[in-house]
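Student: Going by our numbering, the sequence shown opens with residue 118, and the numbers climb by one from there.
The structure's right below; bear with me while I get my questions together.
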Amino acid sequence: MSMQPAVFNLVLAAGDNPFAGTIYQAIAAAIVFIVVLVVLKKMAWGPILTGLQDRENKIKGDLESAEKAANDAQSTLKDYEAKLAAAQEEARQIIEESRVDAQRVAAQLKDQTQSEITQMKDKATREITAAKEQALTELYTQAATMSTQIAGRILKRELNAADQQAIVDESLAQLQAENN
């Protein structure tokens with residue numbers, strides 16, 4: 118004798134037809150099916166559908182957030198590009214102003230240097246003229262003194278200081294008149 122359970126014997130005893138059985142068994146199977154269906158709907162499909170709905174909402178929210186972030190990034194990029202262009206324009210203006218200022222300063226330095234050179238030339242010319250006149254005066258004075266001494270020796274007489282000065286002044290006036 119075999120040790121198989123009684124239910125297995127019933128199924129085998131019913132024959133080869135799987136739908137064989139009583140109407141009560143069919144109703145009981147339908148009730149069990151409906152109960153299992155209700156339990157699965159409440160316990161499994163409801164949470165699964167709720168989870169799927171939540172996931173779909175989260176994905177939609179993430180997509181909207183990503184799209185908003187992309188729009189914000191695009192806006193920020195445009196602002197950055199505008200600020201960069203403004204900064205480049207400002208830098209160009211500063212460089213242009215610096216170039217103009219450098220040219221102006223160079224022109225001022227050139228004018229100032231030219232003015233200083235002209236002043237130095239004028240001063241040197243005045244100094245040379247004054248030195249020349251002083252040298253000529255000293256030369257005339259020495260020549261007049263020597264001429265007076267020679268004339269005094271020739272005349273064998275000695276001139277006094279007042280006579281000598283008068284002759285020197287007269288000789289200087291005569292030499293200056295001849296040079297002019």
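Even glycine gets a Cβ: it sits at the ideal position worked out from N, Cα and C.
Which first and last residues belong to the alpha helix (DSSP H) in which Ala145 is found?
Tutor: 140-157
Student: Using DSSP with H/G/I as helix, E/B as strand and the rest coil, what is Pro122?
Tutor: For Pro122, the predicted structure reports a pLDDT of 48, less than 50, and the residue's modelled location is therefore unreliable. A value from the coordinates is still provided. The answer is coil: DSSP assigns Pro122 none of H, G, I, E or B.
Student: Start and end of the alpha helix (DSSP H) containing Asn296?
Tutor: Here the alpha helix (DSSP H) through Asn296 covers 278-296.
Student: Comparing C-alpha positions only, which one of Ala268, Gln266, Asn277, Thr254 sits nearest to Gln291?
Tutor: Thr254
Student: Can you tell me whether Ala186 is buried or exposed, with buried defined as 16 or more other CB within 10 angstroms of its CB?
Tutor: Per the 10 Å Cβ criterion, exposed.
Student: Can the beta-carbon of Ala261 be found closer than 8 Å to that of Ile284?
Tutor: yes
Student: Alpha carbon to alpha carbon, what distance is there between Asn296 and Ser215?
Tutor: 58 Å
Student: How close, in whole Å, do the beta carbons of Tyr257 and Ser288 come, if the pair is a contact with beta carbons under 8 Å?
Tutor: 7 Å
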